[in-house]
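Quick note, my numbering runs 14 ahead of the 1-based positions in the sequence shown. Structure first, commentary second.
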Amino acid sequence: MLSGMVETHQKSRSEPPEHSDPNERDKSVAPGDGALALPSHIAGSGALDRLVETARDYARAAASENTLKAYAKDWTHFARWCRMRGANPLPPSPQLIGLYIADLAAPGGKAPALLVSSLERRLSGLTWGYAQRGERLDRKDRHIASVLAGIRRKHARPPAQKEAILPEDLRDMLATLPHDLRGLRDRAILLIGFAGGLRRSEIVSLDHGKDDTPDSGGWMQVLEGGVLLTLRGKTGWREVEIARGSSDQTCPVHALTQWLHYARIDFGPIFVAVSRNGLKATAERLSDKHVARLIKQTVEDAGLRPELSKAERLALYSGHSLRAGLASSAEVDERYVQKQLGHASAEMTRRYQRRRDRFRVNLTKAAGL
Numbered sequence: 015m016l017s018g019m020v021e022t023h024q025k026s027r028s029e030p031p032e033h034s035d036p037n038e039r040d041k042s043v044a045p046g047d048g049a050l051a052l053p054s055h056i057a058g059s060g061a062l063d064r065l066v067e068t069a070r071d072y073a074r075a076a077a078s079e080n081t082l083k084a085y086a087k088d089w090t091h092f093a094r095w096c097r098m099r100g101a102n103p104l105p106p107s108p109q110l111i112g113l114y115i116a117d118l119a120a121p122g123g124k125a126p127a128l129l130v131s132s133l134e135r136r137l138s139g140l141t142w143g144y145a146q147r148g149e150r151l152d153r154k155d156r157h158i159a160s161v162l163a164g165i166r167r168k169h170a171r172p173p174a175q176k177e178a179i180l181p182e183d184l185r186d187m188l189a190t191l192p193h194d195l196r197g198l199r200d201r202a203i204l205l206i207g208f209a210g211g212l213r214r215s216e217i218v219s220l221d222h223g224k225d226d227t228p229d230s231g232g233w234m235q236v237l238e239g240g241v242l243l244t245l246r247g248k249t250g251w252r253e254v255e256i257a258r259g260s261s262d263q264t265c266p267v268h269a270l271t272q273w274l275h276y277a278r279i280d281f282g283p284i285f286v287a288v289s290r291n292g293l294k295a296t297a298e299r300l301s302d303k304h305v306a307r308l309i310k311q312t313v314e315d316a317g318l319r320p321e322l323s324k325a326e327r328l329a330l331y332s333g334h335s336l337r338a339g340l341a342s343s344a345e346v347d348e349r350y351v352q353k354q355l356g357h358a359s360a361e362m363t364r365r366y367q368r369r370r371d372r373f374r375v376n377l378t379k380a381a382g383l
């Protein structure tokens, strides 16, 4: 493998490509546009140029902003790794990438080894990066696939799971929130996120009504029985029903309507920032990072898992803790939880269930043993 890589890059040095500087070439490629342009044999015009821009906008929308940022960082890291070793990332070399992922899995310095899932994400980022530069990376090439298979066989382990926020935990967290405008908002975020089994990005992308803003990820309808959310998630559009709770203190519908009423929100983003004096809601949509910070702060204030250090406790909880909490505590048929979370398979839903009635179905006895 190493000899093939050396031969390839000796050739690339003796015959430098037209764009030998990957950073210089990057400037002509906007993230996510796939380097879309008119074919060279077609004369440009105002109408065609507008269509090119429209196509680029659609191409950028093919992946979320966070995904594109992560892919761009993956490419930057790979390009820097290549430069430090006197190699050129262009054109794509499966031998070189095989060495790259091997170095990430077993680094020689103080850098931590990456998990298999992180390596696979890096490869996705490199595939995207090459596509933006008009190149194709074959991840099934033996120089990549065999190295990754060996890493997976030697180092793979079950994915680390975040702690589930259970109903009793959520009540303690809600009790730490103040009874002001920010408290109303954050209480609604936690309850809607838990009862809906929502991702943090889905929570903050909600608008009051359909087509309120261009960056909307969904909208809400308050009905007699609860709130109906129409969401654009990872697996496409889905409807999420959030019914009313047994008391106003823990009812997600009550918390949401209270926030909307006192914040005077009847258009645009539902969850927005609050002015410094805490008396008025602004028009600025919250970042999904606010949800993560809110969960960690209320977990700390509520004193959950006191046997752990603060660093261990904060590392244990994230935005996914709300989804895991619903999956772990809702005592209903599994298919309803699967639908609420928007999972394509029951197996994925089970990964979110931190506590289950295990061995309820006894196949051993059913088989006659």
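Ideal Cβ positions, reconstructed from N, Cα and C, are used throughout, including at glycine.
- Taken through DSSP and simplified to helix, strand or coil, A344 comes out as coil.
- Restricting attention to C96, L191 and E216, the CA atom closest to the CA of A269 is found in L191.
- Here the stretch 106 to 123 lies against the stretch 137 to 151, with 3 or more beta-carbon pairs under 8 Å apart.
- I179 carries a coil assignment under DSSP once its states are collapsed to helix, strand and coil.
- Sequence-distant Cβ neighbours of H157 in its own chain, meaning closer than 7 Å and more than five residues away, are M15, P108, Q109 and G112.
- By the criterion of at least three beta-carbon pairs nearer than 8 Å, the stretch 254 to 262 is in contact with the stretch 236 to 245.
- Bounds of the alpha helix (DSSP H) holding R196 are L195 to G210.
- Taking one beta carbon from each stretch, the stretch 275 to 284 and the stretch 170 to 188 have fewer than 3 pairs nearer than 8 Å; the two do not touch.
- For L242, the beta-bridge partners assigned by DSSP are Q235 and E255.
- Annotation: R64 to P53 spans about 15 Å, alpha carbon to alpha carbon.
- The C-beta separation of D225 from G292 comes to about 31 Å, leaving the pair out of contact by the 8 Å criterion.
- It is roughly 8 Å from the alpha-carbon of A116 to the alpha-carbon of I165.
- In the structure shown, the three-state DSSP call for E361 is helix.
- With a cutoff of 7 Å on beta-carbon distance, S332 and K176 are scored as near each other.
- R201 is classed as buried because its beta carbon has at least 16 other beta carbons within 10 Å across all chains shown.
- Close CB contacts of R199 within its chain, under the 6 Å cut and outside five residues either way in sequence, are with W273 (chain order).
- Classified as exposed, L322 has fewer than 16 neighbouring CB atoms from the shown chains inside 10 Å of its CB.
- When C-alpha distances from G356 are compared across E348, P228, Y72 and T249, the shortest belongs to T249.
- Rounded to the nearest whole angstrom, the CA to CA distance from A73 to A381 is 53 Å.
- Rounded to whole angstroms, the separation of the alpha carbons of T244 and M98 is 48 Å.
- Here E321 carries a coil assignment [DSSP, helix/strand/coil].
- CA-CA distance, A170 to A120, rounds to 13 Å.
- In the assembly as shown, I56 is an exposed residue. Its beta-carbon has fewer than 16 other beta-carbons within 10 Å.
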